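Quick note on numbering that gives the first Met the number 0: the sequence shown kicks off at 0 and runs consecutively. We put the beta carbon where it would ideally sit given N, CA and C, even for glycine. In this text, all values refer to a predicted model and were calculated from it rather than measured experimentally.
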Amino acid sequence: MPSSVVCVDASFILRLLIGGPGEEKAAEVWKEWEGTQIIAPGLIFYEIGNALHRLVLHGTLSPKGAEEFMNTALNLGIKTYHEDWLFPTAMQLARKLKLPALYYAYYLALAQATNTELWTADLKLYKKARKAVPLIKTL
């Protein structure tokens, strides 16, 4: 039985929308979460948009396809948090885990602050964070 709130990162949503390794598991858990509040830091949509833009630049996705995927992502019902109070914890986690970018730590900080599972398709993040943030899950 899933918890009533689950945190996801951009890699999870991208896997759900455009596929890749673990896409079946992403679709399966997404379906299981029906009625569950999905949360993420507000930066999730910037990350998704950036990834889609890169796919367009590389010629693997059309601009129209990117727009359609982005619209789908925006309509998934994800509740976003833009709170400044995540910053100190995110900075601390980024340093402790030696993360290559701060934005990874925002997802971890939100999951910790809300005591919810964080689902990611990013195996590198999962491996770095699983001991410090045991609520992290991967596909």
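Determine the extent of the beta strand (DSSP E) in which residue i is found, giving its start and end residues.
i      : result
Thr137 : 135–137
Pro87  : No beta strand (DSSP E) contains Pro87, which is instead part of the alpha helix (DSSP H) from 85–96.
Thr79  : 78–80
Near residue i, which residues of its chain fall below 7 Å by C-beta distance, leaving aside the five closest residues on each side in sequence?
i      : result
His57  : none
Tyr122 : According to the sequence shown, residue 122 is Leu rather than Tyr. Cβ within range, chain order: Thr137.
Gln36  : Ser3, Val4, Lys78
Arg14  : Gly21, Glu22, Ala25, Ala120, Leu138
For the alpha helix (DSSP H) containing residue i, name the first residue and the last one.
i      : result
Val28  : 22–31
Lys63  : 62–73
Leu124 : 122–128
His52  : 43–56
Excluding five sequence neighbours on each side, which residues of the same chain lie with their C-beta closer than 6 Å to the C-beta of residue i?
i      : result
Ala104 : Ala89, Leu92, Ala93, Leu98
Lys127 : Leu96
Can you tell me which residues form a DSSP beta bridge with residue i?
i      : result
Leu117 : Cys6, Ile135
Gln36  : Val4
Does the Cβ-Cβ distance between residue i and residue j come in under 8 Å?
i     : j      : result
Ala65 : Val55  : yes
Leu42 : Phe68  : no
Glu31 : Tyr102 : no
Near residue i, which residues of its chain fall below 8 Å by C-beta distance, leaving aside the five closest residues on each side in sequence?
i      : result
Leu85  : Pro40, Tyr105, Ala108, Leu109, Ala112
Tyr80  : Ile38, Ala39, Pro40, Gly41, Leu109
Trp29  : Leu15
Lys129 : Before going further, note that residue 129 is Arg rather than Lys in the sequence given. Answer for Arg129: Ile135, listed in chain order.
*Do three or more CB pairs link the region 68–75 to the region 7–26 at distances below 8 Å?*
Two segments are said to touch when three or more pairs of C-beta atoms, one from each, lie closer than 8 Å; by this definition the region 68–75 touches the region 7–26.
*Using 8 Å as the threshold, is the region 16–34 in touch with the region 115–129, meaning 3 or more CB pairs across them?*
Here the region 16–34 makes contact with the region 115–129; the two share three or more CB pairs at distances below 8 Å.
*Answer yes if the region 103–112 comes into contact with the region 77–93, meaning at least three C-beta pairs across the two stretches below 8 Å, and no otherwise.*
Using a C-beta cut-off of 8 Å, the region 77–93 makes contact with the region 103–112, since at least three inter-stretch Cβ pairs fall below that distance.
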